[in-house]
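J.: Pasting a structure below so you can have a look.
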Amino acid sequence: MVPCGKGRLLHHIIWLLICGLGVDGRKGFIKNGRLQPLVPGQAQGRNILKDDTFLPNAESFVGHVTSDPGQEFGLCTLNESRWHLETNAVCKDKLTCVPILTPVHTPGRQQDLERRGVCVKFQEPVSYVFDSNGSMPIPVAYFPLTDGNTASWPIKSFEAVNASTAVFSDDEIFGRVLHCKEGAVVLPSVSYGRTGQFAINMWVRPMGPRDDIAYQYIYSHTKLGGQPGGLSDSQIHIYLARSGLPAHGVLRTMVKDGNDVGASNFLDSDGVVSNNGLRAALEENPNLFDNKWHMVTVTSNGASEKGFSLYIDGKIAGKMAEEEPNQEAEGGDPVNLSGEIFLCSRTDQSPQRLFNGKLAHLALFDERLSPPDVMRLYATFFSTKAMLQHGSPEGKHFTKDGHPCYFPAILRGGWVDECSLVDDFLQCPFAPGSWQKCDQRNVSNAIEGQRGEARKRDLAVNRYTSDGETCHFPAFYGGRWSSDCLEINGKSRCQVEGSTVWKECSEYEPSAGEEEASLQSPTRMTIRGEPCEFPFLHDGKKMTDCTIIAGHWSCKVDSGEIVPCRVERDPGTDSTTKSSELPISRVTVDGEKCSFPFWFDATSIGDCANMDGVPTCATNEGVLKECAPLRLAISGKPCAFPFERDGINHTECLEIEGESQCMIADGKMEACAPVELQIPPAFSFSVNGDATLLAGRVTVHNNVCSFPFWYGGVLHSTCVPRFEGDADSFCHTGQGNLEQCKPVRRTVDGKDCSFPSIFNGDVLLDCVEQSGDEWCTAADGDFQICAPANQRVPQELLVP
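Just so we're aligned: the sequence shown equals residues -25 to -1, 1 to 775 in mature numbering (1 follows the signal peptide of the UniProt record, and there is no 0).
Structure representation (structure tokens):
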């Protein structure tokens, strides 16, 4: 750690930001133009965990954060600011910081004040609800309904009022789950929908129709003392119709607001609204009685829209909207759901309204789930580690450890019956939820014959990946051998030579003289002392010198690896315009996330800086610390530490099926290069030894953006829109909040202004007026005139 007051820092702007604003060297953050001190464990809002009232299983938590036992017990935030939290404690090993909303929920304030985190033992089945890949809404209550437990998680804020008839049975997907048979499970009232916005998300597995029951009620909630159905207001029901009824085979939903009285409208999973007529069994309609799990989502349409929407398995199944002719859309206005929640039965517990099936993972939201939100919930469940819904060992395919593969299986929401690409490797499932690399040597004689024929083909061209690696042909995929790139998951891919990894193919068509080395190619060496092999292919282009790959000047060596080149400074290069192609993410030797940019030697730095021979960065708390050595993936791309996988935050390479792997900036897992091939400290400071520049950004609340940050599974070093097409962009702040960014300001020369910066001892969060013009400091330290805020800078002036 570099302490405040150390003489050398008096010469740097960073000293002013951290030590020179009158806070006695305490950790802090810029807010409203001032450096605000941070106290460990102090929340930016009311204390929601004053004692252990909501923590009956306190041994699962990290312990008290403050020095006063029992105060703010277990509050936390992740190093990489994945969650929208505002405290700064870090969870112990094997515990994960999970976001929650306060039990006393205040609509309209949750974004700024209501989100908190608690350290818990994170289990995989809940990972799809608390999505770690982005800024998913947080439920006000989440009930796993597994392992014989009817309480909410991660804090037991809500426990079943009546679970006397609850039965839990084994399930190959979710373990032991709630099995609805002969009675209701009654949950306490949970407050949601008070502003009209709400969402209910759960997994349902109907076990078949019962002829003695007219309608099977899965979920039923009314106001206190309210009557289900009929003319009462304020109620939500989700149910199925028995065989013999015209509506059999569809899932029906009813939503009535606080002002909806009279006859009820309802929405069915085939998209039909308020119609009890006979249904056509269309192939595209979801089949709820196939003895499989289905994700059911009911949500309001939007802040200014009447009605509601129904989703099955992440896809829109029906929508009730105001524009529908001859009907009044119900839903969208405030609703008073003050009564208890009934699962497996209607609220009146009629024996003719019992559900026969299984329930799991009930999540209640006090806000709308957008279509991308719903799809992300479903896609996260059916992620690369897809769980089996059914299947059996078919005897033809085996894993590398000799386990028989189970087919058919579900992968990314679709059925597969062959070894398929998972994390760039051909894998198959051998047990529920468990996938492993396939043993490609286990093929029949017929397939070997196909391979022989493929080997005989005279390939017209060689093929390469977009990284310039050589494709291996013939390669086996989808039950056949191929001698060219294949269309897989929407992209042209090939198997990398000397590896089992599949990567995207380059569109490059090599010329007849491709094999001839260019006489103009210089003699270059890598940092490992190996000679570079020129020319080589990268992004479909022939490279005759080292080129920037993953933020470092690199080349290909004889083994085919991409390795950083030895630093050879080009005197003619303008170092102020150097920037990396991929975001750079670093951690300190203590495992803390580096927060970029920070000011050093009058420049805004986007990587660790050389401070007296020590690679150094600033943390989210504004403290300067030594950087951990940079690690590379085998492709030459830097590992993006910290990264999250399976609900756990990692700051080192992770052992996966016997291979050391890390996540790179595009969200993919790659094998780590051997430790002995780590980048020497002189190279790890920045690209080519020059400063890696990054302009700072601030939010509309005058908080500082902390780069890089993970969003949508990808690392970002600039503000990004939350959804495609959004006009506004967002970033994570040092306190973990996702906030809207101010529009970028640029100089008249096209450089991005870097905020915050220092001018005459003041912290600037926007261009400052001086001598009749607005001025700002660019990342390279130049103090220049700002272009007008509403004036577009000519494209040719923009600095790359």
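Every residue gets a Cβ at the ideal spot worked out from N, C-alpha and C, and that includes glycine. Quantities reported herein were computed from a predicted structural model and do not represent experimental measurements.
1) Taking C-beta to C-beta, are Glu472 and His447 nearer than 8 Å?
2) Does Asp582 pass the burial test, meaning 16 or more other C-beta atoms within 10 Å, or should it be called exposed?
3) Between the region 342 to 351 and the region 122 to 132, do three or more beta carbon pairs fall short of 8 Å?
4) Could you work out which residue in Phe730, Ile639, Cys647 and Arg720 is closest to His691 when comparing CA atoms only?
5) Shortest alpha-carbon distance to Ser635 belongs to which of Gly622, Pro649, Gly642 and Ile623?
6) Ordered along the chain, which non-local residues of its own chain (more than five positions away) have a Cβ less than 6 Å from that of Asn260?
7) Rounded to whole angstroms, how far is the Cβ of Cys614 from the Cβ of Arg606, which I believe are closer than 8 Å?
8) Within 10 Å of its beta-carbon, does His59 have 16 or more other beta-carbons around it, so buried, or fewer, so exposed?
9) Tell me whether Pro203 sits in a helix, a strand or coil according to DSSP, three-state version.
10) Give the DSSP-derived three-state secondary structure of Val673 in the structure shown.
11) When you compare the CB positions of Trp268 and Arg180, do they come within less than 8 Å of one another, or not?
12) Are Leu199 and Gly293 close, meaning C-beta to C-beta below 8 Å?
13) Taking the alpha carbon of Cys380 as the point to measure from, which residue in Ile193, Ser409 and Cys628 has its own alpha carbon closest?
14) Going by the DSSP bridge assignment, what does Ser409 pair with across the sheet?
15) Report the three-state DSSP secondary structure of Phe758 (helix, strand or coil).
16) Between the beta-carbon of Ser166 and the beta-carbon of Thr322, is there less than 8 Å?
17) Out of Gln470, Arg217 and Val95, state which residue places its alpha-carbon closest to the alpha-carbon of Ser457.
18) Would you check if the distance between the CB atom of Ser209 and the CB atom of Gly233 is smaller than 8 Å?
19) Quick test of your reading: Cys728 and Cys751, contact by CB under 8 Å. State the CB separation rounded to the nearest angstrom.
20) Comparing the C-beta of Thr674 with each C-beta of chain C, is any distance below 8 Å?
21) Okay, do the region 753 to 761 and the region 567 to 580 touch, 3+ Cβ pairs below 8 Å being the bar?
22) Which stretch, first to last residue, makes up the beta strand (DSSP E) that contains Pro590?
23) Look up Ala764 in the DSSP assignment and say whether it is helix, strand or coil.
24) Here's a check: name, in chain order, each residue in its chain whose Cβ is nearer than 8 Å to the Cβ of Ile760, leaving out the five neighbours to either side.
25) DSSP state of Pro506, grouped into three classes?
26) Measure the alpha-carbon distance for Leu628 versus Cys521 and round it to whole angstroms.
27) Thinking C-alpha only, which one of Leu242, Leu285, Arg328 and Val271 is nearest Glu303?
28) Which residue from Val310, Leu162, Ile175 and Ile537 puts its Cα closest to that of Pro506?
29) Would you mind listing the beta strand (DSSP E) stretches within the region 287 to 363 that are 3+ residues and don't spill past its ends, in chain order?
30) Quick check on Val675: buried or exposed, where buried means 16 or more other Cβ atoms within 10 Å of its Cβ?
31) Does the Cβ-Cβ distance between His223 and Pro184 come in under 8 Å?
32) Measuring straight from C-alpha to C-alpha, what distance separates Lys643 and Asp398?
33) Determine contact between the region 157 to 164 and the region 129 to 145, defined as no fewer than three beta-carbon pairs at a distance below 8 Å.
34) Quick one: Cα of Ser467 to Cα of Lys568, how far?
35) Quick test of your reading: residue 776 and Ala189, contact by CB under 8 Å. State the CB separation rounded to the nearest angstrom.
36) Give me, in chain order, the residues of the same chain whose beta-carbon lies closer than 6 Å to that of residue 840; leave out the 5 immediate sequence neighbours on both sides.
T.: So, to answer that:
1) yes
2) buried
3) no
4) Ile639
5) Pro649
6) Asp245
7) 4 Å
8) In this predicted model, His59 has a pLDDT of only 36, less than 50, meaning its place in the structure is not dependable enough to derive any value.
9) coil
10) strand
11) yes
12) no
13) Ser409
14) Ala406
15) strand
16) no
17) Gln470
18) yes
19) 4 Å
20) In summary, chain C is missing from the structure at hand, where a single protein chain is found.
21) yes
22) Val589 to Ala593
23) coil
24) Thr722, Val723, Asp748, Glu749 and Trp750
25) strand
26) Residue identity differs from the one stated: residue 628 is Cys in this sequence, not Leu. When rounded, the distance between both Cα atoms is 27 Å.
27) Leu242
28) Ile537
29) 290 to 295, 316 to 318 and 332 to 340
30) exposed
31) yes
32) 7 Å
33) yes
34) 35 Å
35) The requested residue 776 is not part of the displayed model; the chain covers only -25 to 775.
36) The requested residue 840 is not part of the displayed model; the chain covers only -25 to 775.
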